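Just so you know, the sequences run in chain order A and B. If you read the first sequence in full-length UniProt numbering, its first letter stands for residue 1, the second for the next number, and so on. If you read the second sequence in full-length UniProt numbering, its first letter stands for residue 1, the second for the next number, and so on.
2 protein chains.
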Amino acid sequence: MKVIIVGGVAGGASCAARLRRLDENAEILMVERGPYVSYANCGLPYHVGDVIEKESSLLVANEELFRAHFAVDVRTNCEAIAVSPDKKTVDLRDLVTGEVTTHPYDKLVLSPGAAAVHPPLPGIDLPGIFHVKTVPDAREIHEWLEKGTAFLSGMDRYSGFQTLRPKTRAVVVGGGFIGIEMAENLVQRGFEVTLLQKPDQVLKPLDREFARVVEAFMRSHGVNVMHGDRVVGFKQAEHGAISVETDSGKTYVGDVVILAIGVRPETTLAKMAGLAIGKLGGIRVDEHMRTSNPDIFAVGDAVEVKDYVTGEWSLIPLAGPANRQGRIAADVIAGRDSRYRGTQGTSIIGLFGAAVAWVGPSERTLNEIGDTDYEKIYIYPNSHAGYYPQARPIAMKVIFRRSDGRLLSVQALGQDGVDKRVSVLAAMIQMGATVYDLEESELCYAPQFGSAKDPVNFAGMVAADVLRGDMPLSHWNTARNEFLLDVREPMELAVESVPGALNIPLGQLRERLDELPRDREIHVFCRSSQRAYYATRILVQNGFDAKTVSGGMLSLAHNYLFGTGGGAEPGKAVEPVEAKEEKKPMVAPAR
Amino acid sequence: MKVIIVGGVAGGASCAARLRRLDENAEILMVERGPYVSYANCGLPYHVGDVIEKESSLLVANEELFRAHFAVDVRTNCEAIAVSPDKKTVDLRDLVTGEVTTHPYDKLVLSPGAAAVHPPLPGIDLPGIFHVKTVPDAREIHEWLEKGTAFLSGMDRYSGFQTLRPKTRAVVVGGGFIGIEMAENLVQRGFEVTLLQKPDQVLKPLDREFARVVEAFMRSHGVNVMHGDRVVGFKQAEHGAISVETDSGKTYVGDVVILAIGVRPETTLAKMAGLAIGKLGGIRVDEHMRTSNPDIFAVGDAVEVKDYVTGEWSLIPLAGPANRQGRIAADVIAGRDSRYRGTQGTSIIGLFGAAVAWVGPSERTLNEIGDTDYEKIYIYPNSHAGYYPQARPIAMKVIFRRSDGRLLSVQALGQDGVDKRVSVLAAMIQMGATVYDLEESELCYAPQFGSAKDPVNFAGMVAADVLRGDMPLSHWNTARNEFLLDVREPMELAVESVPGALNIPLGQLRERLDELPRDREIHVFCRSSQRAYYATRILVQNGFDAKTVSGGMLSLAHNYLFGTGGGAEPGKAVEPVEAKEEKKPMVAPAR
């Protein structure tokens, strides 16, 4: 059996290694257009930032290793330029010699990845504008950053000599994974960084109010985040810099410009082979990773996969799924009945020592697909026991099915323990857990690692309280117009308060019930919702129509939590951020 | 309805708060023998170590808060001394005034906890010998440590004055949670610490070979770990120190002695009430936390619970389960059908910046209950992508059902990411996951947080390879006597090698098959098992009878991993540690 694998990074390399383990006799040819196979593309931004110092660290495996350990015929700098599904052949071009050869296959695996979006804008090919897709990309950026900027100072004008000054300004276009990671790494290298993007928020998989917290956090670390403004072109500016021109007429000058607008599945070969392409532009495959042609498989960033939770098709360009898909294609080629279960889209991004992570559909996605059978809570548990030093709050939005309690998704941001909680919740979603299961979870607890009630338990308890009817819930967008009861202590109100809310500290509530209306909904809040929940229980049992405002003051103003400048208001329609920032925050930052 | 709750720490306090939320009208009386309710006993060792500086940090909630927020009648320094189940009354003694009063109840909840074992050894009540159970205990230790030791120097002998020198030597008796945490905290305070214990290993829930790694790690951080020697008494030594005498005739002198021999369920009241007691000495309860008397409930460290995995009764004195049990008792008292699902025993201990954690039954426990339907693997994945700085290996022993692949348990040790992986695996065990589910798990991945193949995925892949028959497995205890094939590179053998093993580097294996015997089992190893697995695949497909030695060199010598002094040899009967330490390790430590 002859198997040709097109693409030698995550999906292709995994497929080749797995196939060899299952079949010593298969003839395996793996071709890669670039100079390296199996490199760590997730590490590229950190190599630019000098966190990963050596380029060689990024090269996880090389051609020789594939040949020696796996007896795979690996060809780098080799592009598959044509496929003939009738003849079952692939044409390969050696990018060094230009030679084209034709190779027969029994099975073909396409793992071509996704190409960086590179719109035909004026000036987009100016020197100093880069993508971050490959090891050579990172090397070029590195060299460009280190070269310094030609700069004619006053003295130079007389002498006629050019001096070099360090490059200091960067413009990153795009607020996805690569854009944000590049922004952080360039800040760490001392650059003034502007992050520009067309959509009205960073990180599209997040809900907007959560993205607002991320943006505020990035701004507090020096990134000038601008969104809702489209780049229309690039111009050469003084001293070798580039001027980035936008729709709104503004320009941003960078000594380096990073394009991280997004990626698009590579489907040239797939289309040539007449394979079915999905609505999102990715190669359509079945659960065996088989395309519409039974002898052609496709894996990785180029394919559309089923979302594990919603069942909708989606494009999830992540390394973990690509690896698993490669293994599954190899299994199936070797005659096994392996199936891909779909992708959860579990993701995390480091953010100046903090992390933002998520798994499962956002509220916006649920709204888009018309799914209304859900409820959401905002919680702010500590990363570990509050009495042990350096506990940090984790802001979490948890979404679950109203009808059966099934956990659907979580978004989380914090400076400690975010990866753990989102990983645990991803595992729970995988296993079809309900919020009632989360209540009972038994995670590692010692005071430096968690709490006797871990954030995971806490999420389950609050959600279950909602579903059991013990905690009728409200959110700020509606609560704002209702009767508001603030059950915090007067001391706390002195720091921050909500205009118009009645204050009765929880400890006095039982004695002061007659101050409350019996003909209106009472929306109760405190700092985080805990005391509000207790108060709600008291009120409901005394015949009042009470609801707990989810997340309390912390949902109203995340700046309180993370010490960032801008507030975020869950559930409220958010104005363009430039306008919004001029507004005084409703509450003062704590401390 | 009048409810009396005996014990106001984890289980009792949770029960009181929950019950009030469910029933505004219940009359709730909570009594606590000690001076504080709801304190953080898990933090006590860290308070002694000055990691948690203020004693007040340990007081999570106080009497006033329980009264104000929950309208609970809280009495501290108040002991329940008698219960009459026929009359449904409890006698309470005020420990300050001595007054005894009788109180009727409709429902009684026992949450008395577990008492520190305090054997009647000679000298056990000498000053300077302490338990670590309560806030006053920690306060006394603190004061004792700070007071200094009376010490007559030569000069003092002339002058007649005593000077004080700092206390410097500590003996900790017991190698469980508290013993190990106290040992670490005393080392951090500059003490020379000896940890003595009667069993032949620390941390009984771990398998011995895993405990050996923990002990080696503790020794490398300065703790003199001694086991297999029983304390027989204490004597006053010079300068106010205490001499700890052992069975073997050795004595250990400490300026302070910590007794952390274990805890025993408090069952005095339960026995007085005629409640059923289990074989392990804990109060027997049903899944509603109801004792053999329908009006009496019991929760927390005093009760026996069903092990979630084995179904066996067990004593699990942990805060998380106690809290959940308290909530469930409250639910049931309030008329709800809540059930306790059993305890997984998920645990973690910090260890000089590292952590050791586990969930589910050890191999020893499975052997003890006669369960042979399991397989085990040893793996050593990195905590995050190897190409990103500061990745640390995690030593993991994973046990799973041979018949159906169900995940049973894990033990793990490492300097990064242990809490996350054991928490995820605990969640997977809770949900009844198989190792095939672990293969497909989609956890948070960015290079600083994990790997595209996370340790959780890796555990699943290796275990599934074993169960699918792709990786016939062996362990060092049997492999030692078989034909051994080492597929590492000659460079690696120069650092460490196994006498008698044939070396054929993986890359040469396909060409050198004729050097291998066709009539013997071939046990293949490398550093971690990865190349050995590849080699096994090659051999098996070429008709050889080959097996992979699980964990490879890393299982043979954990010192290689953690830079500790002593080796650990999984599966091998281990000699008493004193004798063993004199033996030269079979392999040299790396670097």
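Ideal Cβ placement from N, Cα and C applies to all residues, glycine included. These numbers were taken from a predicted model, which means no experiment stands behind them.
- Neighbourhood of Y46/A in chain B, by CB distance below 7 Å: Y388 and P447, in chain order.
- Along the region 34 to 59 of chain A, going in chain order, the ones with a CB nearer than 7 Å to a CB of chain B are A40, C42, G43, Y46, V51, I52, S57 and L58.
- For the region 187 to 243 of chain B, the full-length alpha helix (DSSP H) segments reaching 4 residues or more read 208 to 220 along the chain.
- DSSP places C78/A within a strand segment (E or B) once states are collapsed to three.
- For V424/A, the chain B residues whose C-beta falls within less than 7 Å of its own C-beta are S423, V424 and A427, listed in chain order.
- Taking 8 Å as the threshold, the shortest C-beta distance from E215/A to chain B does not fall below it.
- Judged by DSSP secondary structure, L126/A falls outside any alpha helix (DSSP H); it is assigned neither H nor E.
- Residues of chain A whose Cβ lies closer than 8 Å to the Cβ of D437/B are, in chain order, Q430 and M431.
- In chain order, R169, V171, A237, A241, I242, S243 and V244 place their CB closer than 8 Å to the CB of V253/A, counting only its own chain and leaving out the 5 sequence neighbours on each side.
- The three-state reading of DSSP puts N367/A in helix, counting H, G and I together.
- The beta carbon of A357/A sits closer than 7 Å to the beta carbons of S347, I348, A412, V418, D419 and V422 from its chain, once the five residues preceding and following it are set aside; these are given in chain order.
- Taking the beta carbon of Y534/B as reference, the chain A residues within 7 Å of it are R21 and H69, listed in sequence order.
- For the region 340 to 352 of chain A, the set of positions with a beta-carbon nearer than 9 Å to some beta-carbon of chain B reads Y340, R341, T343, Q344, G345, T346, S347, I348, I349 and G350 in chain order.
- Neighbours of P122/A in chain B, taken as residues at a C-beta separation under 8 Å, are lacking, since the least C-beta distance is about 34 Å.
- Of the residues Q448/B, E184/B and E24/B, the one whose Cα lies closest to the Cα of I52/A is Q448/B.
- Residues of the region 537 to 556 of chain B with a C-beta less than 8 Å from any C-beta of chain A: R537, I538, Q541 and N542, listed in chain order.
- Taking a 10 Å sphere around the C-beta of S403/B, we find fewer than 16 other C-beta atoms and assign the residue as exposed.
- In the DSSP annotation of this structure, the continuous segment of the beta strand (DSSP E) that includes A546/B starts and ends at A546 to V549.
- For L443/A, the closest Cβ of chain B is nearer than 8 Å.
- By the CB criterion at 8 Å, T76/B and G34/B fall inside the cutoff.
- The three-state secondary structure of V410/B, taken from DSSP, is strand.
- Taking CB atoms only, A273/B has no neighbour in chain A less than 8 Å away.
- Apart from sequence neighbours up to five positions away, the residues of its chain that approach L438/A with a beta-carbon distance below 6 Å are V456, A459 and G460, ordered along the chain.
- DSSP places L19/A inside the alpha helix (DSSP H), whose first and last residues are A10 to L22.
- Nearest CB-CB separation between N323/A and chain B: below the 8 Å threshold.
- Residue contact with chain A for A357/B: present (Cβ-Cβ distance below 8 Å to some residue of chain A).
- The criterion of a C-beta distance shorter than 8 Å is satisfied by P112/A and A302/A.
- Annotation for R327/A: S14, C15, R18 and S338 place their beta carbon closer than 8 Å to its own, counting only its chain and skipping 5 residues before and after.
- Between I377/B and the set S550/B, E63/B, N185/B and L110/B, the nearest pair of CA atoms involves S550/B.
- Taking a Cβ-Cβ threshold of 8 Å, the residues of chain B close to G320/A are E442, L443, Y445, A452, K453, D454 and N457, in chain order.
- Cβ-Cβ distances below 8 Å link A68/B to nothing in the same chain once the five nearest sequence neighbours on each side are left out.
- E24/B has a beta carbon lying within less than 8 Å of a beta carbon in chain A.
- Listed along chain A are A68 and H69, each with a C-beta nearer than 7 Å to that of G507/B.
- Here P265/B is bridged, per DSSP, to A114/B.
- No Cβ of chain A is located within less than 8 Å of the beta carbon of A16/B.
- DSSP lists W313/B as the bridge partner or partners of K306/B.
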